[in-house]
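This report refers to the structure that appears directly beneath it.
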Amino acid sequence: MISERSKHHEEQEKMVTASSAQTTRRVVRRRNASLLQHKIIQVLSISFALSVVYIALSKGISSLSQPLQRQGHLRGRKVWVHSNSQLFNERLVATQATHLIIVAGHSVLISGQVENAAFDESVWYLLDYQRGKGLPNAIVSHIQAGIKLALEDEKSLLVFSGGETRAQTGPDTEGASYFRVADALELWDGRDVFNENKSASEAVQSTVRARTITEEYATDSFENLMFSICRFHDITGSYPEKISLVSFTFKQERFETLHAGALQWPLSRFNYVGVDPPASTGFDLQQASDGERQNSLVPFQTDPYGCHTEVLQKKRRERNPFARKAPYELTCPDMKKLLYWCGPSLIPQSKVPWTSG
7 MISERSKHHE EQEKMVTASS AQTTRRVVRR RNASLLQHKI IQVLSISFAL SVVYIALSKG
67 ISSLSQPLQR QGHLRGRKVW VHSNSQLFNE RLVATQATHL IIVAGHSVLI SGQVENAAFD
127 ESVWYLLDYQ RGKGLPNAIV SHIQAGIKLA LEDEKSLLVF SGGETRAQTG PDTEGASYFR
187 VADALELWDG RDVFNENKSA SEAVQSTVRA RTITEEYATD SFENLMFSIC RFHDITGSYP
247 EKISLVSFTF KQERFETLHA GALQWPLSRF NYVGVDPPAS TGFDLQQASD GERQNSLVPF
307 QTDPYGCHTE VLQKKRRERN PFARKAPYEL TCPDMKKLLY WCGPSLIPQS KVPWTSG
C-alpha cells in the first residue's frame, strides 16, 4: 500500500516536474521570441531612419549641387564668338587704317573663367613679384584704354602684342589672351567693367573688333613696339602715320624716349597712354618706378636694342621658351636692317622705312 502510494506520488511529481519544465520552456521561448521581435523592430527602425536620412541628404546635396552644376555648365559652355560676330576687316576698315594703337601684353590667360579676368589673379599666369599688385585690374584697364582710343578714331588699327612668354602656359600668347578677354567681357563697344553706369551711357556700336589684330612674337617692350609696326604693315601695306601705345605710366620714358628713339620714330607722331590700377589693389607706383629704373631704363639706355646687356638678353631667353622666331623679316623686308640692328649706336634714319617728320 505504502509502495503504491509512493509510486503514485513519484508519478505525480514527475508529471508536475514535466509540466513545470514545459511551462518554463514555453516562457523561455516566448521571452526569446519577444526579444527577437524587439531586436527586429529595432533593426527595422534604425534601417528606416537611416533610409530617411540618406534620402534627405541625397535630396539636400542634389539641390545644393544643382545650381553649382548649372553654373559650371554655363561657364563651360559660354560662347563669346558667334556666327554674327563682327568679321575682321569688315568693309575693309582695317586695311584703311593710318593710326596704329598698341596694347603691350603682360600675362597669359590660364583659366576658362575669363569673366573674372578683371579681378581674379588665378585667371592669369603671374610671377610671384606680380601678385598682389592689381595686375588683373591693370590688364583689363589697358585693354579698355586701347579700345577707347580705337573708338575715337575709325582709321585706327588696334594691336594686342605679346608672345608665348611662359613655359608653364604652353603655346598660348599674351596677344591672343587680351583679344579673348575683350570678346568675353564684351568690351568692343566701350563697356567699362569697373563702371557699368558709365558703360550704359557711353557704349556705342563700333567697328573696333573688325579693326583689331594680335602680334604674337614680342618678348619685351621694345619688340612690342617694333613688331607691332610690322603687323600694321602686314594688314595695311604701309606704315602708320601715328602710333599710340597703352601701358603703365611708369613705362612712359622707356617707350617714348628709348624705344621710339631706337626706332627713329618721331615723337611728334607718338602718343603714350599710361594707365595704372588704383592703389587699393596693392599697386605701388613708387615701388614700380624704382624697379623700372633698375631693371629696364638703365639697361636699355646702354643697350637700346637689347642685344648686349645680360639682363635684357636673359629676359628674352626666358620669355621665348618655345624658341619661336618672328617672321617679320619676310613680311616686312624693308624693316630687315632695323630688325637685326644691335647698336650700341642708333640706327641711321636712312635705314628705316619711315620719315623723321
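According to the numbering used here, the sequence shown holds residues 7 to 363 in order.
Every residue, glycine too, gets a C-beta built ideally from N, C-alpha and C.
>> Can you give me the C-alpha to C-alpha distance between Trp-360 and Tyr-245, rounded to a whole angstrom?
In response: 7 Å
> Is DSSP giving Gly-383 helix, strand or coil here?
Replying inline: A query on residue 383 cannot be resolved here, the shown segment of the chain reaching from 7 to 363 and no further.
> Going along the chain, which residues of its own chain have a beta-carbon closer than 7 Å to the beta-carbon of Leu-93, five neighbours each way excluded?
Replying inline: Ala-216
> Could you check where the beta strand (DSSP E) with Thr-220 kicks off and where it finishes?
Replying inline: 218-221
> Which runs of the alpha helix (DSSP H) spanning at least 4 residues fall entirely within the stretch 270-341, listed in chain order?
Replying inline: 291-298, 304-308, 316-324, 334-337
> Which residue comes first and which comes last in the beta strand (DSSP E) that contains Val-165?
Replying inline: 162-167
> Quick one: what's got a C-beta closer than 6 Å to Gln-355's C-beta in the same chain, skipping five residues either side?
Replying inline: Gln-270, Ser-362
> Looking at the structure shown, is Ala-123 part of a helix, part of a strand, or coil, going by DSSP?
Replying inline: coil
>> Count Cβ pairs between the stretch 288-296 and the stretch 309-322 that sit closer than 8 Å; are there 3 or more?
In response: no
> Got a sec, what are the start and stop residues for the alpha helix (DSSP H) Ala-144 sits in?
Replying inline: 141-158
> What is the residue span of the alpha helix (DSSP H) that Val-187 lies within?
Replying inline: 180-190
>> I'd like the list of long-range same chain contacts for Glu-259, defined as Cβ closer than 7 Å, with 5 residues on each side in sequence excluded.
In response: Leu-303
>> Let's test the definition: count the other Cβ atoms within 10 Å of the Cβ of Leu-80 and tell me whether it reaches 16, buried, or not, exposed.
In response: In this prediction, Leu-80 scores a pLDDT of 35, lower than 50, which makes its location untrustworthy; the coordinate-derived value is nonetheless stated afterwards. With fewer than 16 Cβ atoms within 10 Å of its Cβ, Leu-80 is classed as exposed.
> Which class does Val-109 belong to by DSSP, given the choice of helix, strand or coil?
Replying inline: strand
> Between Ala-156 and chain B, is there a C-beta pair that is closer than 8 Å?
Replying inline: No chain B appears in this structure, which consists of one protein chain only.
> What's the gap between the Cα of Gln-307 and the Cα of Leu-264?
Replying inline: 7 Å
>> Can you tell me whether Ile-353 is helix, strand or coil according to DSSP?
In response: coil
> At what residues does the beta strand (DSSP E) containing Arg-249 begin and finish?
Replying inline: Note on identity: in this sequence residue 249 is Ile, with Arg being the wrong assignment. Ile-249 -> beta strand (DSSP E) spans 248-253.
>> Here's the rule I'm using: 16 or more other beta-carbon atoms within 10 Å means buried, otherwise exposed. How should Cys-338 be labelled?
In response: buried
> Among Lys-248, Glu-127, Trp-86, Lys-161, which one has its Cα closest to the Cα of Thr-101?
Replying inline: Lys-161
> Is it the case that the Cβ atoms of Glu-222 and Gly-181 are separated by a distance below 8 Å?
Replying inline: yes
> Excluding sequence positions up to five away, which residues of its chain have a Cβ less than 7 Å from the Cβ of Pro-305?
Replying inline: Thr-315, Val-317, Leu-318
>> Rounded to whole angstroms, what is the Cα-Cα separation between Leu-164 and Ala-110?
In response: 11 Å
> Is the distance from the Cβ of Ser-224 to the Cβ of Gly-169 below 8 Å?
Replying inline: Note that residue 224 is Ala in the sequence shown here, rather than Ser. Going by C-beta atoms, Ala-224 is nearer than 8 Å to Gly-169.
> Can you name the start and end residues of the alpha helix (DSSP H) that Asn-230 belongs to?
Replying inline: 227-242
> Which term fits Glu-229, buried or exposed, when burial requires 16 or more other beta carbons within 10 angstroms of its beta carbon?
Replying inline: buried
> Phe-166 and Thr-104: beta carbons closer than 8 Å?
Replying inline: no
>> Excluding the 5 residues flanking Arg-330 on each side, which residues of the same chain have their C-beta closer than 8 Å to its C-beta?
In response: Gly-169, Glu-170, Tyr-223
>> Suppose you measure from the CA of Leu-132 to the CA of Gln-292; what does that come to, to the nearest Å?
In response: 20 Å
>> I'd like to check one pair, Gly-118 with Leu-157: are the Cβ atoms closer than 8 Å?
In response: no
> Do you know offhand how far Pro-284's Cα is from Asp-189's?
Replying inline: 24 Å
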